[in-house]
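Mapping to numbering that gives the first Met the number 0: the sequence shown position 31 is 30, numbers consecutive. Built from N, CA and C at the ideal position, the CB exists for glycine as well.
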Amino acid sequence: MGTPAPALISTEKPKVVVTDSSSASIVDAVAVDDFQLHKEWARQPQNYVVWALKAAQARKDTLDAKNRLAVVEAELSNNIRNSPEVYGLPKVTDKGVESTVILQQEYQNAVQEYHNCKFIQDALEVAVEGLQHKKYALQNLVQLQLRQQTAEPSF
């Protein structure tokens with residue numbers, strides 16, 4: 000048969016990374032072979048599920064990264080308010096704390112992680128939408144082929 004569907008529950012956290020090769024695999028997943036419509040239709044549901052699950056994991060990863068960003072921001076803000084001298088603040092003001100939080104490497108790393116997760120989420124959602132377009136293309140190609148098979152010969 001085909002490749003087995005991915006497990007819905009996994010003990011390992013899959014790490015989705017969008018690279019040139021994974022972008023190519025997204026393009027391959029949505030490509031249509033006009034001469035193999037029966038095979039394309041047979042693969043379509045499994046392809047859709049695989050990419051939809053990857054997109055769901057990416058949405059979860061994005062939410063997790065957003066939560067980690069909020070935690071890092073709160074912890075840094077608390078640390079800065081408790082020890083402003085360590086961070087070079089002469090006095091504690093909301094604006095000063097906010098600016099100091101943004102300058103911290105830990106905060107910048109958390110922001111970068113969130114942006115990376117959001118990019119991957121967006122890319123995988125494009126793949127899922129592409130598979131919807133592929134479905135419509137397959138439906139239309141089948142209709143075109145059926146019309147050609149039942150059409151009267153033209154001279």
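With distance defined between alpha-carbon atoms, name the residue in the options nearest to residue i.
{"i": "Q112", "options": "Q43, D63, K53", "result": "What sits at residue 112 in the sequence shown is Glu, not Gln. Among Q43, D63, K53, the Cα nearest to that of E112 is on D63."}
{"i": "L140", "options": "I25, D32, S24, V26", "result": "D32"}
Suppose you measure from the CA of residue i to the CA of residue j; what does that come to, to the nearest Å?
{"i": "E96", "j": "N81", "result": "Glu is not the amino acid found at residue 96; the sequence shown has Val there. So the alpha carbons of these two residues sit roughly 11 Å apart."}
{"i": "K117", "j": "V100", "result": "22 Å"}
{"i": "E39", "j": "V71", "result": "46 Å"}
{"i": "K59", "j": "A73", "result": "21 Å"}
{"i": "V49", "j": "S24", "result": "12 Å"}
{"i": "Q138", "j": "A41", "result": "13 Å"}
{"i": "A126", "j": "E84", "result": "49 Å"}
From which residue to which residue does the alpha helix (DSSP H) around residue i run?
{"i": "K65", "result": "36-81"}
{"i": "E97", "result": "93-102"}
Taking residue i and residue j to be in contact with their CB atoms under 8 Å, please state how far apart those CB atoms are, rounded to whole angstroms.
{"i": "L75", "j": "Q107", "result": "Not quite, the Cβ-Cβ distance comes to about 11 Å (not below 8 Å), so this is no contact."}
{"i": "A54", "j": "E124", "result": "5 Å"}
{"i": "N46", "j": "A57", "result": "About 17 Å separates the two Cβ atoms, so there is no contact after all."}
Cβ of residue i versus every heavy atom of the ligand PLP: is any distance shorter than 7 Å?
{"i": "N115", "result": "Questions concerning the ligand PLP fall outside what the structure shown contains, since it holds no ligand whatsoever."}
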